[in-house]
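Heads up, the sequence shown is in the numbering used here, so the first residue is 76 and it goes up one at a time.
First up is the structure itself, then whatever we jot down about it.
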Amino acid sequence: MAKFKRILLKLSGESLQGSQGYGIDRTRLGEYAAQIKEISELGVQVGIVIGGGNIFRGLSGAASGLDRVKGDQMGMLATVINSLALSSALKSVGVKARVMTAVRMEPIGEFYNKWAAIEALERGEVVIMSCGTGQPYFTTDTGSSLRGIEIEADVMLKGTRVDGVYTADPEKDPTATRFDKITYDEVLARGLRVMDATATLMCKENHLPIQVFNMDKPGNLRRVIDGEAVGTFVY
Ligand code: UDP
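Structure follows, in structure tokens:
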């Protein structure tokens with residue numbers, strides 16, 4: 076029995092670049108599609124929000140002199156590119172997936188609305204909700220909190236390239252230790268960068284728990300769904 080009936084899976088754009096350092100790594104994309112197929116076939120309803128950091132981030136655009144709002148719009152378009160790639164990879168392994176966009180751009184994607192998303196999920200389709208929130212100055216972490224709450228997901232599964240939430244950045248500090256579970260308040264008080272504070276606060280206020288886990292290890296998504304203690308639970 077799957078632990079969760081409906082999930083919001085947040086994937087980072089950066090992970091999608093694999094070892095290439097930029098763009099979309101086909102192997103990584105294929106691994107993600109295989110992991111998603113596995114849980115979708117268990118009957119889990121899967122909503123996905125994917126980042127765009129492998130292609131463009133508004134903040135780095137602003138740092139190099141671009142207008143911040145235009146930079147963020149470029150970032151949102153990057154999430155559409157990743158969403159299209161993922162939907163295509165899912166299709167090629169036989170999983171029906173649709174891309175919705177928070178900014179109107181038919182026929183690239185269907186304009187997002189909560190009820191159409193839920194109907195598709197209930198039919199067993201994977202729904203990829205792109206453009207984050209559709210607004211500048213936000214991130215796809217906030218976009219995934221928002222969509223997770225809207226689609227009434229049981230949990231947000233934040234797939235990252237580390238094994239969970241640590242006391243410090245484990246890639247920089249070898250003495251860092253991992254939490255099995257941690258409260259939203261402690262994440263905020265310790266300034267842990269699980270997600271940005273806006274996203275964490277939204278989850279807290281709307282009672283959406285977050286499971287942070289390493290999505291780059293094939294099979295981990297299934298383990299989370301099976302209820303294994305993989306990663307860190309934020310509640
Ligand atoms: N973005 C935005 N509004 C949103 C979501 C994303 O403006 O609601 C832009 C922002 O510029 C951000 C970029 O899209 O830097 C890519 O998203 P993000 O950095 O969250 O991607 P990730 O780090 O997950 O790859």
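Where a beta carbon is used, it is the ideal one built from N, C-alpha and C, also for glycine.
Everything numeric in this text was worked out from a predicted model, so none of it was measured.
query                                                                                             : result
CB of S205 within 8 Å of CB of M175, strictly                                                     : yes
Bridge partner(s) assigned by DSSP for I257                                                       : V309
Touch test, the segment 146-156 against the segment 201-218, Cβ-Cβ under 8 Å, three pairs minimum : yes
G234: first and last residue of the uninterrupted beta strand (DSSP E) it sits in                 : 230-235
E116 to K78 span [Cα, whole Å]                                                                    : 14 Å
Closer than 7 Å: M175 CB and nearest the ligand UDP heavy atom                                    : no
Between the CA atoms of S87 and N289 - distance to the nearest angstrom                           : 11 Å
Own chain, CB closer than 8 Å to Q92, minus 5 neighbours either side, in chain order              : G98, I99, D100, R103, N129
V155 beta carbon less than 8 Å from that of G118                                                  : no
Beta-carbon proximity check, I123 vs I300, cutoff 8 Å                                             : no
Residue range of the unbroken beta strand (DSSP E) whose run includes K85                         : 81-86
Through-space distance from C278 to V269, alpha-carbon basis                                      : 12 Å
Contact belief for L165 with V201 at Cβ below 8 Å, rounded distance in angstroms                  : 6 Å
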